[in-house]
Amino acid sequence: ELNLKNVIVVGHSMGGKTAMRLAHIAPELVEKLIVIDIAPVAYGQNRHDEIFAGLFAVKAAKPQNRQEAKLAIAQGIADEGIQQFMLKSFDPQSAESFKFNLSGLKQNYADLMGWKPVFVDKPTLFIKGEHSNYLQEKDTQTILAQFPQAKSFIVSNADHWVHAEKPDAVIRAIRKFLG
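Under the working numbering, think of the first position of the sequence shown as -19, with each following residue one higher.
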């Protein structure tokens, strides 16, 4: 719609999988790719049950403000930082209570966490939180087979929500990669 070309696409987790798939199906649009804490592999286990529980608790509560939404989201998500991060997308005017399609994400979760191999010959940066298990050493050859220009950066003392936990380190890594 915006007729953008040569874009730099950044995605975290499911957004990272979306970014990788976009670079595969529309390589003419993507100049560089930055994937945050996710590998181009299928994940067999449900890793987001508590996240979905908190998000759907918000939807069910139909809160009118962020304070009410925070009370609801705590029913499923114990971590304060993750609660705050999720609530950045809170939208009391939306039927889903968020700026994203919550029901669609849940319905398509298996496909989102699955993976069909791609080939993307573009400069790609994979950023990993040191303590996260989403992006592992054993994934290196799989990554390089699909993203031959891949580079990696590990953010110390960070978990899966690396961009929320250590935003300055993530931004520095991205700036260095972009040159």
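Beta carbons are placed, not taken as given, at the ideal position from N, Cα and C, and that holds for glycine.
Note that the structure is predicted; figures quoted are calculated from it, not measured.
**Asked** Is I18 helix, strand or coil by DSSP?
**Response** coil
**Asked** Beta carbon of W141, beta carbon of G61: below 8 Å?
**Response** yes
**Asked** How many whole angstroms separate the CB atoms of V(-13) and E11, which I take to be in contact at a CB cut-off of 8 Å?
**Response** 6 Å
**Asked** From which residue to which residue does the alpha helix (DSSP H) around K118 run?
**Response** K118 -> no alpha helix (DSSP H), and no H or E assigned at all.
**Message:** So, with DSSP's three-state summary, where would you put E11?
**Reply:** strand
**Given I107 as reference, the closest of K50, L(-18), I151 once Cα atoms are compared** = I151
**Message:** If we require 3 or more residues per run, which beta strand (DSSP E) segments fall completely within the segment 87 to 149?
**Reply:** 104 to 109, 130 to 135
**Request:** Kindly list the residues whose CB is nearer than 8 Å to the CB of A138, restricted to its own chain and excluding five residues on each side of it in sequence; keep chain order.
**Result:** G109, E110, H111, S112, E145, K146, A149
**Asked** Which runs of the alpha helix (DSSP H), 4 residues or longer, sit entirely within the segment 16 to 71?
**Response** 29 to 41, 46 to 53, 60 to 67
**Asked** Could you check where the alpha helix (DSSP H) with G(-9) kicks off and where it finishes?
**Response** Looking at the DSSP string, G(-9) is not in any alpha helix (DSSP H); the run it does join, the beta strand (DSSP E), is -13 to -8.
**Item:** Length of the line joining the Cα atoms of Y23 and M93
**Value:** 5 Å
**Prompt:** Taking Cβ to Cβ, would you say Q126 is nearer than 8 Å to F99?
**Reply:** yes
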